[in-house]
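Residue numbers (the working numbering): 341 to 669.
The next block holds one structure in the form of structure tokens; read it before the comments.
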Amino acid sequence: MEQKKRILTGDRTTGRLHLGHYVGSLQSRVALQNDYDTFILLADIQALTTHFEKPELIHDSIYQVAIDNLSVGLDPEKVTILQQSQITAIAELTEFYSLLVSVNTLRHNPTIKTEAKAYGYDDLSFGFLGYPVSQSADITFCKADLVPVGEDQLPHMELTRKIVRRFNELYGASLPEPQAMLSKCSRLVGLDGNAKMGKSLGNALYLSDDAATVEAKVKRALTDTTRISVKDPGHPDVCVVSKYHEIFNPTEHANICEMCKSASIGCVACKKQLAAVLNGLLDPFREKRAYYESHLGEVRDIIMAGSAKANLIGNETMREVKEAMHIAL
Ligand code: ATP
Ligand code: MG
Numbered sequence: 341m342e343q344k345k346r347i348l349t350g351d352r353t354t355g356r357l358h359l360g361h362y363v364g365s366l367q368s369r370v371a372l373q374n375d376y377d378t379f380i381l382l383a384d385i386q387a388l389t390t391h392f393e394k395p396e397l398i399h400d401s402i403y404q405v406a407i408d409n410l411s412v413g414l415d416p417e418k419v420t421i422l423q424q425s426q427i428t429a430i431a432e433l434t435e436f437y438s439l440l441v442s443v444n445t446l447r448h449n450p451t452i453k454t455e456a457k458a459y460g461y462d463d464l465s466f467g468f469l470g471y472p473v474s475q476s477a478d479i480t481f482c483k484a485d486l487v488p489v490g491e492d493q494l495p496h497m498e499l500t501r502k503i504v505r506r507f508n509e510l511y512g513a514s515l516p517e518p519q520a521m522l523s524k525c526s527r528l529v530g531l532d533g534n535a536k537m538g539k540s541l542g543n544a545l546y547l548s549d550d551a552a553t554v555e556a557k558v559k560r561a562l563t564d565t566t567r568i569s570v571k572d573p574g575h576p577d578v579c580v581v582s583k584y585h586e587i588f589n590p591t592e593h594a595n596i597c598e599m600c601k602s603a604s605i606g607c608v609a610c611k612k613q614l615a616a617v618l619n620g621l622l623d624p625f626r627e628k629r630a631y632y633e634s635h636l637g638e639v640r641d642i643i644m645a646g647s648a649k650a651n652l653i654g655n656e657t658m659r660e661v662k663e664a665m666h667i668a669l
């Protein structure tokens with residue numbers, strides 16, 4: 341039997357996951373879990389690079405992000421869920437890879453730049469600047485072939501491929517070069533019109549939000565600011581709510597746009613429709629979440645077992661890596 345290709349993907353444990361994660365990554369994880377050997381990383385070390393002063397939040401988010409993944413339909417019998425800080429090979433590989441990357445390359449990384457600006461950093465910590473190197477270790481410790489990610493991760497994927505090529509060239513190793521896999525919606529805009537819905541940006545609809553919260557947040561979403569009265573024709577091309585209809589309510593989208601342009605639907609009704617669609621999507625997830633929320637011991641067991649399995653694989657990779665580097669005695 342041909343061996344399944346391996347996927348590694350994951351999320352920072354900086355908070356609960358939102359609809360951006362769902363359309364950008366979780367949805368394809370669920371679709372691919374039968375055909376690929378899937379590894380889901382709870383990226384707590386990467387979370388610490390920006391949230392090191394919030395250890396309680398990180399602890400809670402390790403559970404919440406695991407539950408988010410399980411609630412959308414990832415099957416713990418099929419996929420491996422692992423905690424980054426438990427995998428020793430990731431720490432070791434990060435050290436070795438850091439020798440192959442220049443500080444200037446990291447400084448010019450567009451995602452690092454955007455995030456540093458968003459966090460208001462002008463003097464970057466060593467750990468924050470280096471997190472893309474650690475991410476290369478995440479992907480390669482288990483020799484992942486494919487990495488489903490959102491658009492913001494593409495510079496990091498390019499860096500990973502560069503490191504792998506350089507490492508193989510230098511030491512005659514044969515680590516596989518991973519491929520990024522973008523979903524149809526690789527960047528969901530925030531409810532506030534920000535270019536990206538982000539869990540640290542305060543503009544997100546969480547998978548764990550209840551129906552009333554979804555309704556309230558959609559009510560406040562940014563629409564066409566030039567449309568003052570219901571009688572004014574709207575401009576769906578500049579409206580966040582319209583973008584969400586396009587993604588989550590594709591069959592109705594064209595019709596809603598026409599009605600908006602001809603002022604035959606108002607923003608209030610349009611938002612109500614969207615909230616109903618989103619709640620329809622989230623309802624089955626809420627049911628699964630309720631189960632795991634009341635079985636946290638089971639969630640812990642899933643993470644511990646996944647991390648133990650990942651460590652066996654990582655230790656094997658480190659044996660090969662150290663032999664290639666001539667430091668194995
Ligand atoms: P943080 O603000 O803490 O970095 P985040 O919302 O960016 O959180 P991450 O854990 O960094 O979430 O990203 C996990 C995955 O989800 C990545 O593959 C990322 O590209 C994807 N992703 C995050 N936000 C979006 C979004 N708005 N649209 C599409 N994909 C997204
Ligand atoms: Mg992020």
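For every residue, glycine included, the Cβ atom is placed at its ideal position computed from N, Cα and C.
| Item | Value |
| --- | --- |
| Could you check whether HIS496 and GLN475 sit closer than 8 Å to each other, using their CB atoms as the reference points? | yes |
| Does the beta-carbon distance from ILE430 to GLN424 come in below 8 Å? | yes |
| Would you kindly work out how many angstroms separate the C-alpha atoms of SER442 and LYS502, rounded to a whole number? | 12 Å |
| Name the DSSP bridge partner or partners of LEU422? | LEU381 |
| When you measure from the CB of ARG346 to every non-hydrogen atom of ligand 1, does any distance come out below 7 Å? | no |
| Using only the heavy atoms of ligand 1, determine whether one of them is closer than 7 Å to the beta carbon of HIS399. | no |
| Would you report the Cα separation of ALA609 and PHE481, rounded to the nearest angstrom? | 50 Å |
| Spell out a yes or no on whether the segment 651-663 and the segment 572-586 are touching, meaning 3 or more CB-CB pairs, one atom from each, closer than 8 Å. | no |
| Going along the chain, which residues of its own chain have a beta-carbon closer than 8 Å to the beta-carbon of LEU469, five neighbours each way excluded? | VAL443, LEU446, ARG447, ILE452 |
| Cβ-heavy atom distance between GLY538 and ligand 2 below 7 Å? | yes |
| Of the choices HIS585, ALA535, HIS593, CYS600, whose alpha-carbon is the least far from that of ASP564? | CYS600 |
| Measuring CB to CB, does ALA544 end up less than 8 Å from HIS399? | no |
| Please classify ALA645: does DSSP put it in a helix, a strand, or coil? | helix |
| So, do the segment 632-649 and the segment 484-495 have three or more beta carbon pairs nearer to each other than 8 Å? | no |
| Quick one, which of TYR376, LEU528, ALA668, ASP623 has its alpha-carbon nearest TYR362's? | LEU528 |
| Does the beta carbon of THR492 fall short of 7 Å from some heavy atom of ligand 2? | Reading the sequence as shown, one finds Asp at residue 492 and not Thr. Within the cutoff, so yes. |
| Have a look at PHE392, PRO472, LEU372, VAL558 and flag the residue whose alpha-carbon is nearest the alpha-carbon of THR353. | PHE392 |
| At a cut-off of 7 Å, would you count LEU381 as near ligand 1, judging by its Cβ distance to the nearest heavy atom? | no |
| Please list, in chain order, all residues of the same chain as TYR511 whose beta carbon is under 6 Å from its beta carbon, the five residues on each side excluded. | ALA664, MET665 |
| Considering only residues of the same chain and omitting the five flanking positions on each side of GLU432, which have a CB-CB separation below 7 Å? | MET658 |
| To the nearest angstrom, how far is it from the Cα of LYS344 to the Cα of GLY355? | 31 Å |
| Name the two residues that bound the continuous beta strand (DSSP E) containing ALA520. | 519-522 |
| Looking only at C-alpha atoms, which of GLY490, LYS483, GLY620, ASN589 sits nearest to MET521? | GLY490 |
| Looking only at DSSP bridge pairs, what is THR480 linked to? | Its beta-bridge partners do not exist; DSSP assigns none. |
| Please look up how many angstroms separate the CB atoms of ALA551 and PHE379, rounded, as I've assumed it's under 8 Å. | 33 Å between Cβ atoms; not a contact. |
| Going along the chain, which residues of its own chain have a beta-carbon closer than 8 Å to the beta-carbon of VAL504, five neighbours each way excluded? | SER476, THR480, LEU515, PRO516, GLU517, PRO518 |
| Let me check you understand the geometry: is the CB of ARG356 closer than 7 Å to at least one non-hydrogen atom of ligand 3? | Annotation note on ligand 3: not contained in the displayed structure, which lists ligand 1 and ligand 2 as its ligands. |
| Hey, would you say ARG369 sits closer than 8 Å to LEU414, going by beta carbons? | yes |
| Between the Cα of SER582 and those of GLY530, TYR546, THR500, GLY637, spot the shortest distance and give me the residue it belongs to. | GLY530 |
| Relative to the C-alpha of ILE385, which residue among TYR437, SER634, GLY467 is closest? | GLY467 |
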